[in-house]
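Chains as they are written, first to last, in the numbering used here: chain A, 3 to 464; chain B, 16 to 502. Where a beta carbon is used, it is the ideal one built from N, C-alpha and C, also for glycine.
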Amino acid sequence: MSAPGVEPVPLPAKRRMAQLVMLGFAVLIVMGAYAAVGLGIDQKIPSGMLTYGLGLGGFVLAAYLVLARFAPWADPLILPLVTLINGLGLVMIYRLEVGAGGKGGASATSQLLWTAVGVVVFAVTLIVLRDHRSLQRLTYTAGAAGLLLLISPLIPFLGQEINGARIWIGIPGVGQLQPAELAKLALIVFFAGYLVAKRDVLALAGRRLLFIDLPRARDLGPILITWGLSLGVLILQKDLGSSLLIFGTFIAMLYIATQRTSWVLIGILLFVGGAVLAASIFDHVAARVDVFLNPEDPKLFERELGGSAQLLEGLFGMSQGGILGTGLGQGYPGLIPLSFSDFIFAAIGEELGLTGLMALLMIYALLVERGLRTALAARDPFSKLLAGGLSFILAWQVFIIVGGVTNLIPLTGLVTPFMSQGGSALLANWILIALLVRMSDAARKPPPQAIQDEGLTQVFQR
Amino acid sequence: MNSTLKRAALACMVMFGLLMLNVNYLQAVRASDLKEDARNRRNFFARYEVERGLITAGNKVLAESKDTGDPEARFKRVYPEGEVYAPVTGFFAPENTSDIERARNDLLDGSSSDLVIRRGIDLFTGKTTRGANVELTINPKAQEAAYKALGASGKKGALVAIDPRTGAILAMVSIPTYDPNLLAPADKAAVNAAYAKLEKDKDQPLVNRAIARTYPPGSTFKVVTMAAYLESDSSLGPQSQVDAPQVLDLPNTTADLPNYGGAACGAGRVTLSFSLERSCNTPFGKIGMDLGYETMKDQAAKFGIGTDLDPLAIPMPVSPSSIGPEEDKAALAQASIGQRSNQMTPLQMAMVAAGIANDGVVMKPYLVKRVTDSEGTEIEGEDPEELDTAMSEESAAKLKEMMVNVVNLGTAGAAKIPGVTVGGKTGTAETAEGRAPHAWFISFAPAEDPKIAVALIVESGSAGNDASGGQTAAPIAKSVMEAVLGK
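So this is what it looks like as structure tokens:
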């Protein structure tokens, strides 16, 4: 027998240069889109193009430098992808602010400012959080913080009701914040820490009924509590989107942690039960379903509250865009209510067409894929679950809002990650990306070299 | 945990897959329905986004688009000549169009496939595509003379003038008319109110009487009966004798067909020319009965009447004319003098006059002379087309001679133009009991080398007989012919 060759384990390359080039490319695309907006609206390159482009370029360069210094092994694709999505969102908001048929409410300057804040928070997270596993020690703190954030809009004087949903808190001098966006991060940290601790008992105990392994009744506690929590959000804050987002992510993480299909089935049953209950009790939930089924019904279109006008305007916009879109600055996305926030996807569909939407979905899918890859490569269960949960919530959020806007599922309000105008969401999602980058760095970093040469033995950790 | 993570990844992939499929379905398949939804205001804005092409006639601009700078309704349609040309140009309203604006919409707004090369060039040179310009065959002098003369009668009516050699429509007037500028603003509510008001008007100003309404042609139809008779026997001529009884007995009825007012028309037997000059009813009733329904129908069809298989479009659709269904001999006798269910559009009668003037060859009438793209390249040119040969050159010459006699010796003296040989035929169409009959007149000039054929109707414009109708209608035709002939 010949001794096996001493082949070096293929290690991930840092590929920092490739990342820099891709970042530059993303910024170029965004600047091109700015130029297209100006040309589309008044045949001139907008004077703000350089300000916006260089502003965005400067921010991401700073983010890149921090990343290169503090997380050098991180996945090279994540930051360029986020830059591109965030930049296109900025362009669309800019277009809605200045363009013909534009709508009041869109503010590119404020969104650029929040992007800057987001990048700063990204950098701070990377610098401060040298080892994400320290988060595991904060499991219950995170849980409490998440809960507090989630219910904070219900606190008198602090909470504010806007557009029929009580999901905002007003902070003097800063404006309104949507704490649910930050709450989702804290809750995922909590879920990950809690499930890693309890996964053995949740996975193994129970009995078999037909072909399904059922958990013990007392282990149903966590899922029932989360269910109650999301129902509470739904009932008290009238926020269908966040409720669905949190519950769905919890079920997914429960499944990832325990490998038990029965959790998914129980989750779906609870969800369906909750949904039917909610639809029969609350008019606004039933109305959403009616609108989803018959968006073109004239009666629903005319209805003042909870009618189909908003959805249908978005569908009109996207159908006008067709395959290639009207071109930036040349459509009427201003006709779509909330085109700068919940319906930004429809606005992009109108001006960039099917081609643009497919590309955008592809970018999101790639981002999620890089996140899940990080989870697969991570070396400890907490990291796997945290990275998996964060990636899943990103995909799930895109699915809920884009599916709603495109009439695939009933519409529930949620922000489109990195695109919709809104500071809190931008902030939360940049933190999410910082966590993924941190974990990706940890996962891809070569394991510390053994002090002694232990011969042919290679240690793998998975 | 990797196996479940991989399944979660698969679930994410499925979610993105569903989103992508759904977006494809939405923007590629469902889009066409949603785009046309009346509630989609983009259609409304899009109408005012393109600079529509000009509609011109001669050196006059009939319709143009003016840049208002308003971002939501940038180009406003303006009709400098207003009501005079309204039956030709039509209108361009937020939710509706008519006449040329409708029939040539895809060229005017630049979306026609004929303009694909222009759009391609514009795409590369970065120019905004403008619509194509449509030049009409209308002769502004004739149109304005017709509008003035017909308007002066104070009655409702319509007039069509055709160049017999080509079929080019030189004038098309319908009175009362409307101002298309009232329907042009990019304001649905205001335009819909203005439109509703016009639509409710009992005088129906929105109806283009020249092509969209049919009337009994009365005695003008006798030229068609005469054409059929001349074609049936080449030995017949203006001086051939026919029976002209005071009253024609209609078989199988108690009714009979008198001449106007029951008067005698000649002395029992008259020449063909005389019967046309005086517009005797009885000879034509008899000729129609003798020839039979099929012969009459075939002759009419050769002039373009009743060919509903291929509706005429000039390019706007023309209501079909018809001599009526086959009934009994009595009905045929009445149809042969332009009564009963015989229904003609003024355009159709102009085609009859033009066909006779053009040696029996009926040309297809048309309104569009040339279409050029925004840079002046020709997209569509003038291409006169023969519709049919209504009669032989010899028969046409005989009929022309008789129609000249109608002007020189008969009921249409008012159409005489010094130095020009004019041919014509008056008509009086009985309508409802108690209402004054319509006055018709068809004519052409100069007889030797016809350059214009005119047909017109003045609703309730006759005091009863052809002579009085001729007094009302013939001078209108005369002024239009003079305008074209430069007299």
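Straight-line measurement puts the Cα of A/T408 at about 52 Å from the Cα of B/E400. B/K413 and B/R228 have their C-alpha atoms spaced approximately 31 Å apart. At a Cβ-Cβ threshold of 7 Å, B/G449 and B/A405 do not count as neighbours. Here B/D258 carries a strand assignment [DSSP, helix/strand/coil]. Proximity of B/N154 to chain A, defined by a Cβ-Cβ separation below 7 Å, is not satisfied. Under the rule that a run must span 4 or more residues, the alpha helix (DSSP H) segments found entirely inside the region 382-424 of chain A read 383-407.
Interface annotation, B/T19: in contact with chain A, CB-CB separation under 7 Å. Taking 7 Å as the cut-off, the beta carbon of B/G233 is found no closer than this to the beta carbon of B/A489.
Contact between the region 294-303 of chain B and the region 313-324 of chain B is absent: fewer than three C-beta pairs spanning the two stretches fall below 8 Å. Within the model, the alpha-carbon separation for B/Y244 versus B/T426 is close to 21 Å.
Listed by position along chain B, the residues whose Cβ is nearer than 7 Å to that of A/V404 are L34. DSSP, read as helix, strand or coil, puts B/A405 in coil. Note that the region 342-357 of chain B does not touch the region 427-439 of chain B; fewer than 3 beta-carbon pairs, one per stretch, sit closer than 8 Å. Boundaries around A/H286 are those of the alpha helix (DSSP H), 285-295, since no beta strand (DSSP E) includes it. At a beta-carbon threshold of 7 Å, the residues of chain A lying near B/K50 are S321, Q322, ordered along the chain. Two segments are said to touch when three or more pairs of C-beta atoms, one from each, lie closer than 8 Å; by this definition the region 128-136 of chain B does not touch the region 96-109 of chain B.
Going by beta carbons, B/G166 and B/I184 fall outside the 7 Å limit. Along the region 368-386 of chain A, going in chain order, the ones with a CB nearer than 8 Å to a CB of chain B are V370, E371, L374, A377, L378, P383, K386.
Per DSSP, reduced to three states, the secondary structure at B/E342 is coil, with no helix or strand assignment. Cβ neighbours of A/V291 within its own chain (closer than 8 Å, five residues either side excluded): A281, P412. Neighbourhood of A/M360 in chain B, by CB distance below 9 Å: M35, V38, N39, in chain order. Taking 8 Å as the Cβ-Cβ cut-off, the region 321-342 of chain A approaches chain B at S321, Q322, G323, G324, I325, G333, Y334, L337, given in chain order.
If you look at B/M187, you'll find it isn't in any alpha helix (DSSP H); it sits in the beta strand (DSSP E) that goes 184-190. For the options B/S247, B/S336, B/T286, the alpha carbon positioned closest to that of B/L306 is the one of B/S247. Inter-residue distance for B/K170 and B/A492 is about 15 Å (C-alpha atoms, whole angstroms). Interface criterion met: the Cβ of B/R57 is under 7 Å from a Cβ in chain A. Any Cβ of chain A closer than 7 Å to the Cβ of B/M30 would place that residue at the interface, and such an atom is present.
For A/I258, the residues of chain B that pass the 7 Å Cβ criterion are M16, T19, L20, A23, in the order they occur in the chain. When 7 Å is used as the limit between beta carbons, A/A254 is near these residues of chain B: A23, in chain order. Interface with chain A (7 Å Cβ-Cβ cutoff): B/Q349 is excluded.
Classified as exposed, B/T392 has fewer than 16 neighbouring CB atoms from the shown chains inside 10 Å of its CB. Within the same chain, and ignoring the five residues on either side of A/A207 in sequence, the residues whose Cβ sits closer than 6 Å to its Cβ are R218.
Comparing C-alpha distances from A/L63 to each of A/Q261, A/Q113, A/K16, A/V23 shows the shortest one belongs to A/V23. Sequence-distant partners of B/N120 (beyond 5 residues in either direction) whose C-beta falls short of 7 Å from its own C-beta, in its chain, are T112. For A/W116, the uninterrupted alpha helix (DSSP H) run begins and ends at 110-130, by DSSP.
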